[in-house]
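For reference, the structure discussed in these notes is given below.
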Amino acid sequence: MAERYSSFQSGGRMWFLQRVTAVFLLVVLAFHFFLLHFVHHADEVSFLASSARMEQLSYYSLMILFLVTATFHGVNGVYNALVNQGLTGTKRTVIKWTLVAASVVLIAQGIRTANAWAGIGLY
Amino acid sequence: MSTQIPKQTEESTETETEPASKGDERRAEKRRRAAERREQRQEEEAEKAAADESTVELKVFRYDPQVEGKQEPRFDTFHVPFTKGMTVLDALMYARDTYDSSLTFRHSCRQAVCGSDAMFVNGGQKLACKTQISDLDEPVRVEPLPHAEVTKDLVVDMEHFYDQMEAVEPYFQTNEYPDGELEEQRQDRENREKIKMSTRCIWCGACMSSCNIAAGDNEYLGPAAINKAYRFAMDEREGEEMKQKRLEIIEQEHGVWRCQTQFSCTEVCPKDIPLTEHIQELKREAVKNNLKFW
Amino acid sequence: MHEHDVVVVGAGGAGLRAAIAAQEAGADVAMVSKLHPVRSHTGAAEGGINAALRDADSWQDHAYDTMKGSDYLGDAPAVEALCQESPEEVIRLEHWGMPFSREDDGRVSQRPFGGLSFPRTTYAGAETGHQMLHTMYEQVVKRGITVYDEWHVMDLAVTDEDDPAERTCHGVVAYDIQSGEISGFRAKDGVILATGGMGQVFDHTTNAVANTGDGVAMAYRAGVPMEDMEFIQFHPTTLPSTGVLISEGVRGEGGILYNEDGERFMFEHGYANNDGELASRDVVSRAELTEVNEGRGIEDEYVHLDMRHLGEERILDRLENILHLAEDFEGADGLTEPMPVKPGQHYAMGGIETNEFGETVIDGLYAAGECACASVHGANRLGGNALPELIVFGKRAGRHAAGEEMGEAEVTTGRSSDWEPADYEFGVEVGETDGSDPAAADGGAVATDAESVVGGAVDRAQERVDELLSRKGRNHAEIRSAVQETMTANVNVFREEGRLEETLADLREAREAYKDVAVSDPSRTFNTDLIHTIETRNILDIAEALTMGALAREEFRGAHWRKEHQERKDEEWLKHTLISWNDGEPELWYKPVVLEGENKTYEPKSRSY
Amino acid sequence: MSQSYNRGLIEDFGRWREFEAGMWAWIFHKFTGWVLIGYLFTHIAVLSTGIPAAGAGEAAIAAGTDVYTQTIVSLEGLLLVRLLEVGLLAVAVFHMLNGTRLLLTDLGIGLDAQDKSFYASLILTGAITVASVPTFIAGAF
Ligand SMILES: Cc1cc2nc3c(=O)[nH]c(=O)nc-3n(C[C@H](O)[C@H](O)[C@H](O)COP(=O)(O)OP(=O)(O)OC[C@H]3O[C@@H](n4cnc5c(N)ncnc54)[C@H](O)[C@@H]3O)c2cc1C
Ligand code: HEM
Ligand code: SF4
Ligand code: F3S
Ligand code: FES
């Protein structure tokens, strides 16, 4: 099957994932904004309230997924933009891995925060 | 003997010899009318000239790497008498033939089929021969296509564009010919309709010049080449196997995924080819195709 | 110096087909063209390609129609070759992917065209030439044939024996427009001229600005006779302000011509009682001009072509680009109003004398396409017969040049046994004014071995260019427009002796003026001023030959109408006019038409439609 | 493609005047996308104060004196932050609307109306932003 796989390049897959994550983000970001600015007002934020939400498994997992997709979508978007402007060669490889590293840090930090609220020991 | 139509010959000789013939009278009458019209027009033109409207002001980009005084790019101004129906190309030709024979631009067909004269007119990629002066604001600014190397004046180097066009294997390929020597391949009308617009490209390069992605990524195939690929990928005469290969070509690193749907290409194409639509359709085809394997 | 087996000059339909054929026959081919191939004027052809494809049709009928259309001045072996091979060539185009319009059953569509007894014109919308040109260029790309684009061929490299029939062509000299460099192209097996039309001889033309007849003029000066130059087709439906062509397809689909009084004059004034608008082009052109001359024209200039009754759907389906043309170039909306049209120069039936394999009298020199005269169109070309000519004779010339055995030619070239001298006295001196000016002259070569023939030609071209660039003088543009004006005024659809003579005098004057011509742009980069100046010389030579032919032929045949001679004179004029350059002293002579074909002998009949 | 010869005026930013809808949409989408990812990083950074807060003990949390709550409350107290949040909303809304436009484009829907849909995205973004100003500003004074 290996040869068959050569018929698609990551370009196409990434493009597709960018769209899929966009669709997901569209819903979740709307929900997120609505929840945190309209249902609960910005000046009412407190650790308690955050942690109350986070303790629900469904909310927790939605937020983690939100974080992961947003990071992927955002970082991949940035990377694409740079590549489209003619980023090539070593520079490109360096930036690529820097972005990957930044994403990993971002996601890790995000999960730790969520864990802190959810009362999960891992933070 | 006479292969000719007797009536016509007779009449045309008649008109020459007998001034009183009906045709002649009518002609004379019409001449008078035409003369009146002409007079009127001349008056109007004179008025216009007085109001300084009868000439068009052209600002033309000039550059020549070899000629002293032109090595530093500059704009030259030409005042060209306006006539009804005048195109940018007409104005340029007038300026060249009357004022400065070194004014250089490509042109040939004057009818939007050869694709030689895509230029940057008042900030848009246009075919000069297809752009009416009367539709433009004055002064009319004419520059060579952006994002291309200027050879001289309005002439740009098209080599890169040609390379991109030829990179997509722009030729029909199939292994499935009908049996008879004199048998054509069948193609239904619908399919021909589907590829129709894509076959109209005249290689003018306007689209490529307008696309920011192509400007940034020199290797991007560009809208015209992708459209060319579309023309073959969608042609059902080529068969499934070929389509697969075509999709691989346009899926390459600098292929369809580069397109950011800026729509500028579609906007400027003088042949009204829905380029963005074609690119998008190829992206979908490619994804569909890949989903089979993912 | 570049070296190839076959060098094809020009990359329009004929050149591309010739290159492909030569390459398939095993030759190393190079194409040299002053325009990038896809910019060639073949792309402008709209209407279609005639080919007897269907069972109910036959190539014999096509040949008959072509002969009749030619007013019996076509040479039967060439006409029959055209009609016999056109079907397979059209199918080949289809196999190369050309997007023809289709019928419901998926076969290629055909439509009726003027002068044809069967609807045998295959087409791709109203952009047949564009599709054909691009399809063939694609094949050239596929085969990896070398293309030198934007190289202007200035001259042929020909040996200088006294008798043109003994000369050999060893290659060409070309000027690289991009860099200003002049190079020789040595052609071991042959040079094929495919430089297209010469419409720029006139000022109201459907032809491109690049159609300056360079190949015709080069071959002429190298010693190849010009054949039937007086036969110029004027297309009846061109837009008055630009000369842009409105395809015959409009009339084929049912478009109607009206005069100012709203009369359908083709019938009502009896110009063509059977075929009406679909009569042969010369008939319709003269009818229109007669209407205008008799005061029934609109604005005293044109008539109306109306297609509104065809309905929007049909127009959009088959004639869509006509709508765009009328709107972009004339500001008329074909869906809601009739389009203004008038006759304009369209096609040159005559040209470089060749036989049915494209060979000229000079060894190793071939010609195909509009620049050549085989002759298939005789005194008048039928619509849709030029595109098949490109592919049929392009292929033949390509193969022959590459050395394929093709048998004995039946059409003769040069002065074979039955030529006939002409005793016509031109009142005006014609030909070279004074060969001493290196900028204006480009005579024959002096060597015999290939290398030095090409080398010598390069040197002369270089000298000429240097001279043009370095001296001061007048601009070519005024000379060019003087020629175009006199030609349009006097050598148009209607021709009379006195005015033709005047034209020769005007041309003489233009020649004198050309002696002072100079190029004011000193650049070596993309110097179009220089190119146009060189082209203007070609225009001059062609205009003169054309007018000479028009004066000599004292009859009315096909597209050639003479005021003083209102009938076709078969006893006297069933012959081709030929003009030889004779190193600057043009000479007129004749050769008989070949009416015996393989199929039958074509008896001249009255040409009524 | 010219890298070697810079034509100044023609190829520099002076060209923005000549951009059409599709190009503006592209530029705005880019800009908003970058702002959003930038914000995502800062957002997580700010929220991370929740980690020390969680370690600081129940009491502080209950009283609302933990680092996290304090940080958020003080930030939200600043008018500037509130205004930035309105900006963020505008950016996010535009990116979402135009993103939807792009997704439809990818599906081949509404290509002919691409300019109109861009203008619609702009107008809607404006409307939504203005409409939510009261909510966003509420309690800031
Ligand atoms: C508007 C229009 C519509 C037509 N419609 C039809 C139709 O419907 N059906 C039909 O059968 N016929 C039609 N014709 C006629 C037909 O299109 C032409 O006769 C034919 O295309 C000529 O092709 P060609 O290959 O001989 O020349 P072209 O296509 O004109 O090519 C000439 C080539 O020679 C090159 N060249 C010229 N001079 C030089 C030089 N000095 N050095 C190097 N290269 C040179 C040019 O670059 C070009 O590549 C139409 C013609 C016109 C003008
Ligand atoms: C809410 C729903 C969202 C939708 C519908 C959406 C849609 C899209 C789409 C379709 C693209 C691809 C553009 C292209 O490649 O042509 C894109 C790019 C991008 N998105 Fe989003 N997006 C959303 C949310 C987000 C979020 C939350 C972020 C930040 C984390 C983000 C950051 C980006 C970035 C940085 C780009 C790349 C921009 C560029 O081309 O420079 N998006 N978005
Ligand atoms: S797609 Fe349109 S704009 Fe692009 S090269 Fe072809 S005709 Fe020109
Ligand atoms: S302008 Fe460029 S980005 Fe895509 S839609 Fe056209 S190719
Ligand atoms: S001159 Fe041929 S496209 Fe404009």
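Residue numbers (full-length UniProt numbering), protein chains in the order written: chain A, 1 to 123; chain B, 1 to 294; chain C, 1 to 609; chain D, 1 to 141. Glycine included, C-beta positions come from ideal geometry on N, C-alpha and C.
In terms of DSSP beta bridges, what is C169(C) paired with? V158(C)
For F357(C), does the three-state DSSP call read helix, strand or coil? coil
Using the rule of at least 16 other Cβ atoms within 10 Å of the residue's Cβ for burial, across every protein chain shown, is Q244(B) buried or exposed? So Q244(B) ends up on the exposed side.
Locate the beta strand (DSSP E) running through S50(A), then write down its first and last residues. First-last for S50(A): F47 to M54, but that is the alpha helix (DSSP H), not the beta strand (DSSP E).
Paired residues, beta bridge with L507(C) - DSSP: Note: L507(C) sits in no beta bridge, so no partner.
Pick from R607(C), A545(C) and K591(C) that is closest to F556(C), judged by C-alpha positions: R607(C)
Within chain B, partners of N76(A) - CB distance below 8 Å: In chain B, no part has a C-beta under 8 Å from the C-beta of N76(A); the shortest such distance is about 12 Å.
What's the call for K395(C), buried or exposed, on a 16-neighbour Cβ count within 10 Å? buried
How about A76(C) and L595(C): do their beta carbons lie closer than 7 Å? Their beta carbons are under 7 Å apart, which means A76(C) touches L595(C) by this criterion.
Using a beta-carbon distance cut-off of less than 8 Å, what residues from the stretch 263-294 of chain C approach chain B? H269, G270, Y271, A272, V283, R286, A287, T290, N293 and E294
Strictly below 9 Å CB to CB, what residues from chain C border I195(B)? What I195(B) touches in chain C: P99.
Taking Cβ positions, are V6(C) and M31(C) nearer each other than 7 Å? no
Please confirm whether any heavy atom of ligand 4 lies closer than 6 Å to the CB of C259(B). Result yes, Cβ under 6 Å from ligand 4.
Own chain residues within Cβ distance below 7 Å of C204(B), not counting five before or after: G115, A118, L127 and P270
Run through the DSSP bridge pairs and tell me what N50(C) is partnered with. T121(C)
Contact criterion: CB-CB distance below 7 Å. Does L106(A) meet it with respect to chain D? yes
Give the list of continuous beta strand (DSSP E) stretches no shorter than 3 residues that lie fully inside the stretch 29-81 of chain C. 29-33
Per DSSP, T205(C) is paired with what? Q345(C)
Answer yes or no: the CB of G255(B) versus the heavy atoms of ligand 5, is any distance below 6 Å? no
A288(B) CB to nearest heavy atom of ligand 1 below 6 Å: Rather than Ala, the amino acid found at residue 288(B) in this sequence is Lys. No.
Sub-7 Å separation of I531(C) and H152(C) beta-carbons: yes
What is the DSSP secondary structure of E57(B), counted as helix, strand or coil? strand
Specify the secondary structure class of A440(C) as computed by DSSP and reduced to three states. Its pLDDT being 49, under 50, A440(C) is placed unreliably in this model, and the value from its coordinates should be taken loosely. Looking at A440(C) - three-state DSSP - the assignment turns out to be coil, as it is neither helix nor strand.
Give the DSSP-derived three-state secondary structure of A174(C) in the structure shown. strand
Can you list, in chain order, the residues of its chain with a C-beta nearer than 8 Å to that of A92(D)? Leave out the 5 residues immediately preceding and following it. Excluding positions up to five away in sequence, the list reads T32 and L36.
With distances taken between CB atoms, is the gap from S132(D) to N98(D) smaller than 7 Å? no
When the Cα atoms are used, what is the spatial distance from L124(D) to M96(D)? 11 Å
For the candidate residues L257(C), L305(C), I298(C) and I362(C), whose alpha-carbon lies nearest to that of M218(C)? I362(C)
Using only the alpha-carbon positions, how far apart do W581(C) and E509(C) sit? 19 Å
Could you tell me which chain B residues have their CB closer than 7 Å to the CB of R381(C), listed as they occur along the chain? Chain B residues near R381(C): none, gap ~16 Å exceeds 7 Å.
Would you check if there are 3 or more beta carbon pairs closer than 8 Å linking the stretch 99-106 of chain C to the stretch 181-194 of chain B? The stretch 99-106 of chain C vs the stretch 181-194 of chain B: in contact.
At least one CB of chain E closer than 7 Å to the CB of G86(A): is that the case? Among the protein chains in the structure shown, which are A, B, C and D, there is no chain E.
When you compare only the Cα positions, how much space is there between R237(B) and R318(C)? 22 Å
Do A461(C) and ligand 5 come close, with the Cβ less than 6 Å from some heavy atom? It does not: the Cβ of A461(C) is nowhere closer than 6 Å to a heavy atom of ligand 5.
So M119(B) is in the beta strand (DSSP E); what residue range does that whole segment cover? A118 to V121
If you reduce the DSSP assignment to three classes, tell me which class Q462(C) lands in. Secondary structure of Q462(C) (DSSP, three-state): helix.
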